[in-house]
Amino acid sequence: MYDFNNVIERRNTYSIKYDPVSRGKPEDVLPVWVADMDFAAPPCVQDALVSRARHGIFGYSEPGASYWTAVQGWYKNRFEWEIEKDWLCITPGVVNALYLAVRALTKPEDLILIQQPVYYPFSSSALKTGRKLLVNELVYKDGCYTIDFDDFENKIKEAKVFILCNPHNPVGRVWTRDELFRMGEICLRHGVIVVSDEIHQDIVFPPFKHLVFAGLDARFADITITCASPSKSFNLAGLQHANIFISNKKLRTLFKEEYESTGLSQPGIMGIISCEAAYTDGAQWLDELVDYIADNMLFLDNYLKKQIPKIKLVKPEGTYLAWLDCSGLKLSAKDLDTAIIKKCKLWLNDGVMFGKCGSGFQRINAACPRSVLENALERLKKIQ
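Adding 213 to a residue's 1-based position in the sequence shown gives its number in this note's numbering.
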């Protein structure tokens, strides 16, 4: 029903992704970097936003019963997770929630555990708030990432909070039930609170399945802040809206108090409208989107194998972000990034930004029309 091949002009639309000069990149680079899709939001969301815009009044707003019904139904139908209304806190975004959680649950000099290579705000949420960082480096072997559980347990003994990324950005893992249970049991053993970033939960490729960490065990729910949003799934990041679920009343109170201390109160009306519309009528659009992205990933993998064999795709189980192993090019991280920008005229994410262990990797956004992805790969081929 939906055309994901349509190329939409995004320059001069206040798009971070398509404004390379403002970020020190040449004007002629093709941007396939930030986690921002090149697809228009589903018609149900567009229609709901247009309808509200025509209403013409945009005062202070709070979500009503229909919003809650949409959110509750989404998690029950897609993830078999039964949530309660009291658990919900709405923030301007998941990154905002990470910072809030770190400040609410820890004090300066406390230790935060993360698993690099990982989404860079995980480290900045600790370091920029005066906390310290512990890194449980993921193990890369035979083209796949796994968890070093001995190192995980050894380091978590010192931590106050563990920030989990599931599905994992950028390596594309969708953690299994066994992996999540093992991490959960270790956190329980050492009294560590889990902040679970599950923003990519809807973009998972069969046969893999996203499991909500807090939904696996009531004991896990009691130590977890679950951060989610329709922003990645429906390309709504600019509307600044995230749903944070906290079943433990004490943790929820601490989180809300920290949120209130920032001077923020009601969420934006367009974020409310878009989330409700997406979760009410956007399921078929999303299912077709996931199929399209899965095909893009297959195209990407085949292209690399045939045309650029020195670069390998780390097979993604979820997210629309592809993690490229460029170690076969035998370039330093700096030289690799420079060559991609200057020689290939391509804008990717340098792997080092996700941690030192990301050296030799690059992240590419595959949530774009096939013609754009093909153009990006034709440019990347020039690196050889």
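Glycine residues also receive a C-beta, built at the ideal position from the N, C-alpha and C atoms.
Beta-carbon separation (whole angstroms), residue i vs residue j, contact threshold 8 Å
i: A390; j: L351; result: Note that residue 390 is Arg in the sequence shown, not Ala. At roughly 18 Å, the Cβ-Cβ gap does not stay under 8 Å, so R390 and L351 are not in contact.
i: V220; j: S584; result: 6 Å
i: P383; j: G531; result: No, P383 and G531 are not in contact; Cβ-Cβ is about 11 Å, not under 8 Å.
i: C440; j: E411; result: 7 Å
i: G397; j: F426; result: 7 Å
i: L313; j: Y215; result: The pair is not a contact, with the Cβ atoms about 35 Å apart (cut-off 8 Å).
i: I198; j: I399; result: What is shown of the chain runs 214 to 597, which leaves residue 198 out entirely.
i: L517; j: L586; result: L517 to L586, Cβ: 12 Å. No contact.
i: L502; j: F252; result: 7 Å
i: G541; j: P255; result: The Cβ separation is near 39 Å, so there is no contact.
i: K523; j: Q597; result: 7 Å
i: Y505; j: F271; result: That pair is no contact at about 33 Å.
i: F335; j: L311; result: 7 Å
Reference residue i, options the options, closest by Cα
i: N578; options: T493, K445, K543; result: K445
i: Y358; options: V585, D563, A589, G571; result: G571
i: F375; options: K518, V387, T319; result: T319
i: K519; options: C400, K594, C539; result: K594
i: S274; options: I486, P522, G495; result: I486
i: A431; options: L377, K555, I459, A552; result: I459
i: V308; options: C378, D550, F421; result: C378
i: I296; options: Y333, L393, A434, D508; result: A434
i: V387; options: L464, F362, F418; result: F418
i: N456; options: N218, A283, E222, I303; result: I303
i: Y353; options: L586, L401, K528, S336; result: K528
i: L534; options: L477, E587, Q329, C581; result: C581
i: L464; options: Q597, R316, F271, R291; result: R316
i: F394; options: K289, L429, N367; result: L429
i: G462; options: N225, D260, P256, K298; result: Per the sequence shown, residue 462 should be read as Lys rather than Gly. Closest option to K462, Cα to Cα, is K298.
i: K547; options: A491, V565, D538, I406; result: V565
i: K555; options: G237, W287, R224, T226; result: G237
i: W536; options: I270, F217, G356; result: G356
i: R592; options: S545, I521, K569; result: I521
i: V405; options: P420, E371, K422, Q414; result: E371
i: I416; options: R267, D500, T551, Y227; result: D500
i: A278; options: L544, C557, W498, T493; result: T493
i: W498; options: R267, C539, V258; result: V258
Extent of the continuous beta strand (DSSP E) to which residue i belongs
i: D260; result: Careful: D260 lies outside any beta strand (DSSP E), inside the alpha helix (DSSP H) at 256-268.
i: T493; result: Looking at the DSSP string, T493 is not in any beta strand (DSSP E); the run it does join, the alpha helix (DSSP H), is 482-494.
i: N367; result: N367 -> not in any beta strand (DSSP E); alpha helix (DSSP H) instead, spanning 362-369.
i: K271; result: Note that residue 271 is Phe in the sequence shown, not Lys. Here F271 belongs to no beta strand (DSSP E), and DSSP marks it neither H nor E.
i: R386; result: Unbroken run through R386: none, as it is neither H nor E.
i: S409; result: 406-410
i: F217; result: First-last for F217: undefined, no H or E at that position.
i: Q575; result: 574-578
i: A170; result: Past the edges of the chain, shown from 214 to 597, lies residue 170, and the structure says nothing about it.
i: W536; result: 534-538
i: I376; result: 374-378
i: I524; result: No beta strand (DSSP E) contains I524, which DSSP labels as neither H nor E.
i: Y358; result: 357-359
i: Y353; result: 352-354
Start-to-end residues for the alpha helix (DSSP H) that takes in residue i
i: K555; result: 546-555
i: Y472; result: 462-474
i: I296; result: Unbroken run through I296: none, as it is neither H nor E.
i: K445; result: 444-447
i: N588; result: 583-593
i: R432; result: 431-434
i: S337; result: 334-340
Close Cβ partners of residue i (< 6 Å) along its chain, the five nearest in sequence each way excluded
i: D364; result: N349
i: S409; result: L377, F426, T437, T439
i: W300; result: F458, I459, S460
i: D323; result: R344, K373
i: R265; result: I486
i: S192; result: Because the chain spans 214 through 597 in this model, residue 192 falls outside it and cannot be assessed.
Other residues of its chain near residue i: CB distance less than 8 Å, five sequence neighbours each side excluded
i: V234; result: E240
i: Y280; result: I485, C488, E489
i: L340; result: L346
i: Y332; result: C378, N382, P383, D410, F567
Close beta carbons around residue i, own chain, < 7 Å, minus the five adjacent residues each side
i: A450; result: D249, S444
i: L561; result: V245, W246, I553, Q575, R576, I577
i: L262; result: M483, I486, S487
i: E392; result: I360
i: N588; result: L243
i: Y231; result: R223, R224, P244
i: W287; result: Y492
Cutoff 7 Å: residue i Cβ touching any chain D Cβ
i: C400; result: Note that chain D does not occur in the displayed structure, where there is just one protein chain.
Near the ligand NAP: residue i beta-carbon under 6 Å from a heavy atom
i: D299; result: Among the components of this structure there are no ligands whatsoever, and the ligand NAP is therefore not found.
In chain order, each alpha helix (DSSP H) run of at least 4 residues that lies wholly inside the region 302-332: 307-318
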